[in-house]
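Protein chains: 2
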Amino acid sequence: MTGATVQSCGPGSLTAFRRRVKRSMEAVCRAMFREGIHGVRVRNERVAVPNLVRIMEATLAVANEKGFAAMSLRDLAGRTGLSMGGLYAYIGSKEDLVALIQAQGGRQTRQVMEAELEGVADPRERLRTAIRTHLYLSEVLRPWFFFAYMEARQLPARLRAQAIGMERDTEALFAGIIADGQRRGVFREIDPLVAAGFVKAVLQDWYLKHGKHAERGLSVDAYAEQVEALAMKYLEDT
Amino acid sequence: MTGATVQSCGPGSLTAFRRRVKRSMEAVCRAMFREGIHGVRVRNERVAVPNLVRIMEATLAVANEKGFAAMSLRDLAGRTGLSMGGLYAYIGSKEDLVALIQAQGGRQTRQVMEAELEGVADPRERLRTAIRTHLYLSEVLRPWFFFAYMEARQLPARLRAQAIGMERDTEALFAGIIADGQRRGVFREIDPLVAAGFVKAVLQDWYLKHGKHAERGLSVDAYAEQVEALAMKYLEDT
DNA sequence: GTCTATAGCATGATAGAC
DNA sequence: GTCTATCATGCTATAGAC
Numbered sequence: 359m360t361g362a363t364v365q366s367c368g369p370g371s372l373t374a375f376r377r378r379v380k381r382s383m384e385a386v387c388r389a390m391f392r393e394g395i396h397g398v399r400v401r402n403e404r405v406a407v408p409n410l411v412r413i414m415e416a417t418l419a420v421a422n423e424k425g426f427a428a429m430s431l432r433d434l435a436g437r438t439g440l441s442m443g444g445l446y447a448y449i450g451s452k453e454d455l456v457a458l459i460q461a462q463g464g465r466q467t468r469q470v471m472e473a474e475l476e477g478v479a480d481p482r483e484r485l486r487t488a489i490r491t492h493l494y495l496s497e498v499l500r501p502w503f504f505f506a507y508m509e510a511r512q513l514p515a516r517l518r519a520q521a522i523g524m525e526r527d528t529e530a531l532f533a534g535i536i537a538d539g540q541r542r543g544v545f546r547e548i549d550p551l552v553a554a555g556f557v558k559a560v561l562q563d564w565y566l567k568h569g570k571h572a573e574r575g576l577s578v579d580a581y582a583e584q585v586e587a588l589a590m591k592y593l594e595d596t
Numbered sequence: 359m360t361g362a363t364v365q366s367c368g369p370g371s372l373t374a375f376r377r378r379v380k381r382s383m384e385a386v387c388r389a390m391f392r393e394g395i396h397g398v399r400v401r402n403e404r405v406a407v408p409n410l411v412r413i414m415e416a417t418l419a420v421a422n423e424k425g426f427a428a429m430s431l432r433d434l435a436g437r438t439g440l441s442m443g444g445l446y447a448y449i450g451s452k453e454d455l456v457a458l459i460q461a462q463g464g465r466q467t468r469q470v471m472e473a474e475l476e477g478v479a480d481p482r483e484r485l486r487t488a489i490r491t492h493l494y495l496s497e498v499l500r501p502w503f504f505f506a507y508m509e510a511r512q513l514p515a516r517l518r519a520q521a522i523g524m525e526r527d528t529e530a531l532f533a534g535i536i537a538d539g540q541r542r543g544v545f546r547e548i549d550p551l552v553a554a555g556f557v558k559a560v561l562q563d564w565y566l567k568h569g570k571h572a573e574r575g576l577s578v579d580a581y582a583e584q585v586e587a588l589a590m591k592y593l594e595d596t
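Line order of the protein sequences matches chains H and S.
Plus 358 on top of the position in the first sequence (first one is 1) and you've got this note's numbering.
Plus 358 on top of the position in the second sequence (first one is 1) and you've got this note's numbering.
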């Protein structure tokens, strides 16, 4: 939080945003590898990190299409160019894969949301920034968001709880912005949690029903504007 | 469409609604059995229909919890009190189960929505009725709605297309109501499909995130009121 | 109409060569 | 660090007794 930083509002253009996110992805993967909490047995970082990235990307791709339970590790090995044995040098079990992926996306999401919101004080602007950033994030990391949403219920208790926690945090972020706006007399008095739930539901629709929106030729930016309009109409005191 | 019928607006109380739906469920199952399109090999209707209902309910219960792909037919046989062999007298394959369930819920949903909307002409009232009826339906048939949403992507092409078609029909229903309201000058001029998509997203949140709403002690009726308020705020010309 | 028993296969995971 | 070969298990589906 450097008070001197000049902050422009909102995440800027999607392409610039995408570049930033992609760069931060590798950094997060490298950090996770170095922490060693995920028990990767390959020691050489120059070999391990790119392979980890490919394994995670392939997992997301296959799981998005046919579901994580229906994805076989042979499938996965084939897609990554590894053999079954090779694959098992990176994970201890199929379940480990989920933990790895969940941690990676969770970290990145939190980092990006915090970074983009930092220094934005006005409630209306803050809400708009949160909406747009979340939409951009879920556009760039769509496979991850889709995975986190769709597979959560089938996970072992610990990981499911973690997934639910991340969702609740996002909802709490929006509820906080709304409550703050109410205190300042900018938004009308309605239950902030219900309002945040509505916002989150339409945000999730963007990545859960990607096919539909693509078919209709709706861009993220166009959708973002519509969601912002909805939120303002609903929240503003008229 | 009997013009003489006296129509009260909205689906009435949830408990009465629940009774009506449960009664119509057996009727739909019996009809499907008699049509014989699903290849059930048991001929005695008094035996077959109750068993079919139990098989479908058990499938929905297990699939909601751990996912359809992870549900084994041994699981299912155990829950229904049938053996593996007995189960296979009712279905030809695991996939058949999905077709059966999808058809049953789809028919019932269509029937109920049409029945409740019949005779309601005012766009505002029509929208409110559609919202409330859909929420009531997804509350009473929650396992089916959850299943239809969550398992769609993993299904074989034909069934997936059918699931997507049903979703699109629901969205088109709402879009039609909204467009009608616009023609009559009741609603403001925005893309009816986008607006319908928003409404559908918050309606789906009710059954997709049931745990969250239950935790907060939010009732269907309370949620319905909030959604109606959101829709009106967003659509009304002010 | 329902059961038990089993065929046939794909899966997650590991051992050991290189 | 990665591969091939293999194990044990659990699955869908069917055959045939009752």
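Using N, Cα and C, we set each Cβ at its ideal position, and we do this for glycine too.
Just so we're clear, the structure is a prediction, and the values are computed from it rather than from any experiment.
(message) Can you give me the C-alpha to C-alpha distance between LEU551 (chain S) and ILE489 (chain S), rounded to a whole angstrom?
(response) Here the alpha carbon of LEU551 (chain S) sits roughly 15 angstroms from the alpha carbon of ILE489 (chain S).
(request) Would you check if the region 375-386 of chain S and the region 463-470 of chain S touch, i.e. whether three or more CB-CB distances between them fall below 8 angstroms? (result) At 8 angstroms Cβ cutoff, the stretches touch.
(message) For ASN402 (chain H), report the span of its alpha helix (DSSP H) as first-last.
(response) Going by DSSP, ASN402 (chain H) is part of no alpha helix (DSSP H) at all; its letter is neither H nor E.
(request) Return no unless some Cβ of chain H is closer than 7 angstroms to the Cβ of TYR565 (chain S). (result) No, TYR565 (chain S) does not count as interfacial toward chain H.
(request) Taking 8 angstroms as the threshold, find out whether the region 372-381 of chain H comes into contact with the region 449-459 of chain H through three or more Cβ pairs. (result) Here the region 372-381 of chain H does not lie against the region 449-459 of chain H, with fewer than 3 beta-carbon pairs under 8 angstroms apart.
(message) Looking at chain H, is there any beta carbon in it that lies within less than 7 angstroms of the beta carbon of PHE545 (chain S)?
(response) Taking a beta-carbon distance threshold of 7 angstroms, PHE545 (chain S) does not count as an interface residue toward chain H.
(request) Along the alpha helix (DSSP H) that carries LEU566 (chain H), what are the first and last residues, could you check? (result) Its alpha helix (DSSP H) spans residues 550-566.
(request) With a threshold of 16 other CB atoms inside 10 Å of the CB of GLU393 (chain S), please say whether the residue is buried or exposed. (result) Under this definition GLU393 (chain S) is an exposed residue.
(message) Using beta carbons (cut-off 7 angstroms, strictly below), is GLU594 (chain H) in contact with chain S?
(response) No Cβ of chain S is located within less than 7 angstroms of the beta carbon of GLU594 (chain H).
(message) Could you check whether SER441 (chain H) and ALA435 (chain H) sit closer than 7 angstroms to each other, using their CB atoms as the reference points?
(response) In contact: ALA435 (chain H) and SER441 (chain H) (Cβ atoms closer than 7 angstroms).
(request) Could you tell me the distance, in whole angstroms, from the CA atom of LEU517 (chain H) to the CA atom of ALA510 (chain H)? (result) Between LEU517 (chain H) and ALA510 (chain H), the alpha-carbon positions lie close to 8 angstroms from each other.
(message) One question on the structure: do ASN422 (chain H) and PHE532 (chain H) come within less than 7 angstroms of each other, judged by their Cβ atoms?
(response) Their beta carbons are not under 7 angstroms apart, which means ASN422 (chain H) does not touch PHE532 (chain H) by this criterion.
(message) Check this for me: beta carbons of THR438 (chain H) and ALA416 (chain H), under 7 angstroms apart or not?
(response) Yes. Within cutoff.
(message) Once DSSP output is grouped into helix, strand and coil, what is the label at GLU594 (chain S)?
(response) Under the three-state reduction of DSSP output, GLU594 (chain S) falls in the strand class.
(message) Contact defined as beta carbons within less than 8 angstroms: I believe ALA553 (chain H) pairs with LEU593 (chain H). What is the distance between those atoms, to the nearest angstrom?
(response) That belief holds up - the Cβ atoms of ALA553 (chain H) and LEU593 (chain H) are roughly 6 angstroms apart, short of 8 angstroms.
(message) Any beta carbon of chain H sitting closer than 7 angstroms to that of LYS452 (chain S)?
(response) So no, LYS452 (chain S) is outside the interface.
(request) Determine the chain H residues that contact PHE556 (chain S) at a beta-carbon separation under 9 angstroms, and present them in chain order. (result) The contacting residues are PHE556, ALA559, VAL560, ASP563, GLN584, VAL585, LEU588.
(request) In the DSSP assignment, find the unbroken alpha helix (DSSP H) run with GLN469 (chain H) in it and report its ends. (result) For GLN469 (chain H), the enclosing alpha helix (DSSP H) has its first and last residue at 452-475.
(message) Which same chain residues end up closer than 6 angstroms to ARG500 (chain H) when comparing Cβ atoms and leaving out the 5 residues on each side of it in sequence?
(response) Around ARG500 (chain H): TYR565.
(message) Looking only at its chain, what residues have a beta carbon closer than 7 angstroms to the beta carbon of THR465 (chain S), apart from the 5 residues adjacent to it on each side?
(response) Here residue 465 (chain S) turns out to be Arg, not Thr, going by the sequence shown. Apart from sequence neighbours up to five positions away, the residues of its chain that approach ARG465 (chain S) with a beta-carbon distance below 7 angstroms are VAL386, ordered along the chain.
(message) Tell me the rounded alpha-carbon separation between VAL560 (chain S) and GLU529 (chain S).
(response) In a straight line, the C-alpha of VAL560 (chain S) is about 12 angstroms away from that of GLU529 (chain S).
(message) Could you give the first and the last residue of the continuous alpha helix (DSSP H) run that contains PHE505 (chain H)?
(response) DSSP places PHE505 (chain H) in the uninterrupted alpha helix (DSSP H) bounded by 500-509.
(request) Within the same chain, show all residues whose beta-carbon is closer than 6 angstroms to that of PHE375 (chain S), passing over the 5 residues directly before and after it, in chain order. (result) A distance below 6 angstroms between beta-carbons, with the five flanking residues on each side excluded, links PHE375 (chain S) to the following residues of its chain, in chain order: PRO369, TYR494.
(request) Take LYS570 (chain S) as the anchor and find which of H:ASP527, H:ALA572, H:VAL411 has the nearest alpha-carbon. (result) When only C-alpha atoms are compared, the closest one is H:ASP527.
(request) Pull up the distance between the alpha-carbon of VAL420 (chain S) and that of VAL478 (chain H), whole angstroms please. (result) One Cα belongs to VAL420 (chain S), the other to VAL478 (chain H), and the distance between them is close to 46 angstroms.
(request) Could you spell out the range, first to last residue, of the alpha helix (DSSP H) harbouring GLN520 (chain S)? (result) Run containing GLN520 (chain S): 515-541, per the alpha helix (DSSP H) assignment.
(request) Assign ASN402 (chain S) to one of two classes, buried (16 or more other C-beta atoms within 10 Å of its C-beta) or exposed (fewer than that). (result) Under this definition ASN402 (chain S) is an exposed residue.
(message) Excluding the 5 residues flanking GLN540 (chain S) on each side, which residues of the same chain have their C-beta closer than 8 angstroms to its C-beta?
(response) For GLN540 (chain S), where only same-chain residues beyond five positions count, the Cβ hits under 8 angstroms are ARG546, GLU547, PRO550.
(request) Might you give, ordered along the chain, the residues of its own chain that have their beta carbon closer than 8 angstroms to the beta carbon of TYR581 (chain S), omitting 5 neighbours on each side? (result) Closer than 8 angstroms at the Cβ level, and outside the excluded window around TYR581 (chain S), lie LEU493, TRP564, HIS571.
(message) My assumption, with CB atoms under 8 angstroms, is that ALA537 (chain S) sits in contact with ALA521 (chain S). Please give the rounded CB distance.
(response) Wrong, their Cβ atoms sit about 25 angstroms apart, outside the cutoff.
(request) Might you give, ordered along the chain, the residues of its own chain that have their beta carbon closer than 7 angstroms to the beta carbon of VAL364 (chain S), omitting 5 neighbours on each side? (result) Caution applies to VAL364 (chain S), whose pLDDT of 47 falls short of 50 and renders its modelled position unreliable; the model cannot decide the point.
(request) Please compile the residues from chain S whose C-beta is within a distance smaller than 9 angstroms of the C-beta of MET508 (chain H). (result) MET508, ARG511, listed in chain order.
(message) Tell me the residue span of the alpha helix (DSSP H) that contains ASP433 (chain H).
(response) Run containing ASP433 (chain H): 431-438, per the alpha helix (DSSP H) assignment.
(request) Show which residues of chain H have a CB atom less than 8 angstroms away from the CB atom of LEU418 (chain S). (result) The contacting residues do not exist; LEU418 (chain S) stays about 14 angstroms from chain H at best.
(request) Please determine, among H:LEU485, H:LEU513, H:VAL407, H:MET524, the residue with the shortest C-alpha to C-alpha distance to MET590 (chain H). (result) Nearest of H:LEU485, H:LEU513, H:VAL407, H:MET524 to MET590 (chain H), Cα basis: H:LEU485.
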